[in-house]
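Novice: First residue of the sequence shown? That's 32 in our numbering, and the numbers climb one at a time after it.
Using N, Cα and C, we set each Cβ at its ideal position, and we do this for glycine too.
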Amino acid sequence: MSAGWGLAAATGFHDAAASDAYGFLVTALLGFGLYTSTRGIDIDEFRAHLRTVLIAVTLGVAAKVALIFAVLHAVGHDVKALLLAVAVAQIDPLSVAAMRAKSRMSEQGKALLAAWASFDDPVTVLLTAYLGAALLGPDFGAGTGGAAGFALSVAGNLALAAAVCWTWRRVGDRPRGAVGNAVVAAAVLVVAFLAVRYSLMLALALIGLVVRPDVGDALDRLAGAALYLGLGAIGAVLVTGIPVGTGVVLGVAAFAAQFVVAYAVTAHRHWRRDRLRLALGQQNGLTAVILALLLEPAYPGAAATVAVAVVVVNLLHLSTNAAHDHLARPRLEADRRDRRVPATPVLEG
Numbered sequence: 032m033s034a035g036w037g038l039a040a041a042t043g044f045h046d047a048a049a050s051d052a053y054g055f056l057v058t059a060l061l062g063f064g065l066y067t068s069t070r071g072i073d074i075d076e077f078r079a080h081l082r083t084v085l086i087a088v089t090l091g092v093a094a095k096v097a098l099i100f101a102v103l104h105a106v107g108h109d110v111k112a113l114l115l116a117v118a119v120a121q122i123d124p125l126s127v128a129a130m131r132a133k134s135r136m137s138e139q140g141k142a143l144l145a146a147w148a149s150f151d152d153p154v155t156v157l158l159t160a161y162l163g164a165a166l167l168g169p170d171f172g173a174g175t176g177g178a179a180g181f182a183l184s185v186a187g188n189l190a191l192a193a194a195v196c197w198t199w200r201r202v203g204d205r206p207r208g209a210v211g212n213a214v215v216a217a218a219v220l221v222v223a224f225l226a227v228r229y230s231l232m233l234a235l236a237l238i239g240l241v242v243r244p245d246v247g248d249a250l251d252r253l254a255g256a257a258l259y260l261g262l263g264a265i266g267a268v269l270v271t272g273i274p275v276g277t278g279v280v281l282g283v284a285a286f287a288a289q290f291v292v293a294y295a296v297t298a299h300r301h302w303r304r305d306r307l308r309l310a311l312g313q314q315n316g317l318t319a320v321i322l323a324l325l326l327e328p329a330y331p332g333a334a335a336t337v338a339v340a341v342v343v344v345n346l347l348h349l350s351t352n353a354a355h356d357h358l359a360r361p362r363l364e365a366d367r368r369d370r371r372v373p374a375t376p377v378l379e380g
């Protein structure tokens with residue numbers, strides 16, 4: 032992140048919000064994060080806990096927005112702060128995808144967190160568009176087009192996802208020669224460009240549930256690299272100024288809201304093992320910054336405030352999970368020792 036800040040300062044790149052290249056880059060990284068996150072979901076676990084996922088990405092998102100906004104409004108009495116609450120209410124899918132291999136959660140816990148991170152993004156994007164139009168008026172540049180625009184957006188996402196998944200089911204795993212591989216590679220680039228160009232993020236999340244080429248751990252390594260690129264992109268936003276106070280409050284409120292909502296969503300005994308880790312699972316990154324960049328022209332300071340919140344949330348995530356691992360280590364080691372103790376031998380006569 033500091034590298035992104037330093038590069039922006041050295042090159043005079045002080046207006047990321049107005050740069051088409053920057054917008055395309057962060058949207059592409061977001062799309063890649065959505066795909067890698069859902070691609071790593073255990074499908075059986077996803078199906079088994081679909082109800083929990085739906086609650087998390089609908090009622091859960093709404094509850095997190097309400098809790099975060101309550102804190103911000105109590106501090107600043109600014110109704111527009113509702114938009115900042117929406118921007119950080121989701122969990123960053125790129126961060127989840129990059130950290131999945133290191134997670135100590137069970138497979139069902141990983142599946143829930145990955146699905147939560149992937150599918151709460153479209154919800155917060157829609158909330159930003161509609162609430163932005165209501166609170167910022169004609170100054171807000173992300174016009175929604177009303178109900179027709181919403182329906183067209185959903186239809187476009189579903190159409191792209193259906194076309195790609197249908198094609199993959201028929202030709203994806205079949206042997207191909209050099210020409211066939213070249214055609215597939217070109218098709219992938221076209222789909223990726225269309226998804227990024229027209230912000231069809233939901234389509235990429237859905238595609239990840241079906242299109243799963245066998246590439247080993249290459250995508251996991253790429254997700255890690257993309258995470259660092261994303262952190263650099265966030266650092267570039269901070270070069271215009273750092274509103275520390277509001278950003279810190281926003282970050283702490285977002286992390287606390289995840290803790291409260293995750294505990295409520297995972298009240299069932301199935302989640303007993305992973306409940307605390309899911310409650311400490313809030314991570315923010317590119318999605319939050321992209322939403323803030325959409326708000327920036329009509330809501331100056333939104334991007335820098337959210338960028339500070341991203342730093343605070345991720346520091347809290349790292350520190351609390353490290354503390355949890357440290358406190359849980361003696362119990363885990365005791366469990367492993369118990370499993371190694373052989374059964375009581377049969378006494379010989």
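What whole-angstrom Cβ distance do leucine 283 and asparagine 315 have, given they're in contact under 8 Å?
Specialist: Note that residue 283 is valine in the sequence shown, not leucine. In fact, because the Cβ distance is near 12 Å, the residues do not count as touching under 8 Å.
Novice: Measuring CB to CB, does serine 149 end up less than 7 Å from serine 68?
Specialist: Going by C-beta atoms, serine 149 is nearer than 7 Å to serine 68.
Novice: If you scan the segment 51 to 97 from start to end, which runs of the alpha helix (DSSP H) of 4 or more residues do you find wholly inside it?
Specialist: 51 to 70, 74 to 79, 81 to 86
Novice: Consult DSSP for proline 153 and reduce its assignment to one of helix, strand or coil.
Specialist: helix
Novice: Is it buried or exposed, serine 230, if we count other Cβ atoms within 10 angstroms and call 16 or more buried?
Specialist: buried
Novice: Can you tell me the Cα-Cα spacing of valine 156 and histidine 108, whole angstroms?
Specialist: 24 Å
Novice: State the start and end residues of the unbroken alpha helix (DSSP H) segment that holds glutamine 289.
Specialist: 275 to 296
Novice: Cβ atoms of alanine 59 and valine 227: under 7 Å apart, would you say?
Specialist: yes
Novice: Between which two residues does the alpha helix (DSSP H) harbouring alanine 128 extend?
Specialist: 124 to 130
Novice: With DSSP as the reference, label aspartate 107 as helix, strand or coil.
Specialist: What sits at residue 107 in the sequence shown is glycine, not aspartate. Here glycine 107 sits in helix by DSSP.
Novice: DSSP three-state call for glycine 13: helix, strand or coil?
Specialist: There is simply no residue 13 to check, as the chain begins at 32 and stops at 380 in what is shown.
Novice: Closer than 8 Å is the cut-off here; do at least three beta carbon pairs connect the segment 300 to 310 with the segment 112 to 125?
Specialist: no
Novice: Which first and last residues belong to the alpha helix (DSSP H) in which leucine 237 is found?
Specialist: Annotation for leucine 237: the continuous alpha helix (DSSP H) segment containing it runs 232 to 239.
Novice: Using C-beta distances below 7 Å, list every residue in its chain close to histidine 104, excluding the 5 sequence neighbours before and after it, in chain order.
Specialist: Closer than 7 Å at Cβ, skipping near neighbours: Ala112.
Novice: From Gly163, Leu326, Ile99, Tyr66, pick the residue whose C-alpha is nearest to that of valine 344; which is it?
Specialist: Ile99
Novice: Could you compute how far the alpha carbon of leucine 162 sits from the alpha carbon of aspartate 152?
Specialist: 15 Å
Novice: Is the separation between the beta-carbon of leucine 322 and that of threonine 159 shorter than 7 Å?
Specialist: yes
Novice: Using alpha carbons as the reference points, say which of Ala52, Leu143, Leu56, Gly255 lies closest to glycine 91.
Specialist: Leu143
Novice: Figure out for me which residue from Val320, Ala298, Leu317, Thr318 has the closest Cα to the Cα of alanine 310.
Specialist: For alanine 310, the nearest C-alpha among the options comes from Ala298.
Novice: Using 8 Å for Cβ pairs, my map puts valine 296 next to threonine 83. What's the rounded Cβ distance?
Specialist: 6 Å
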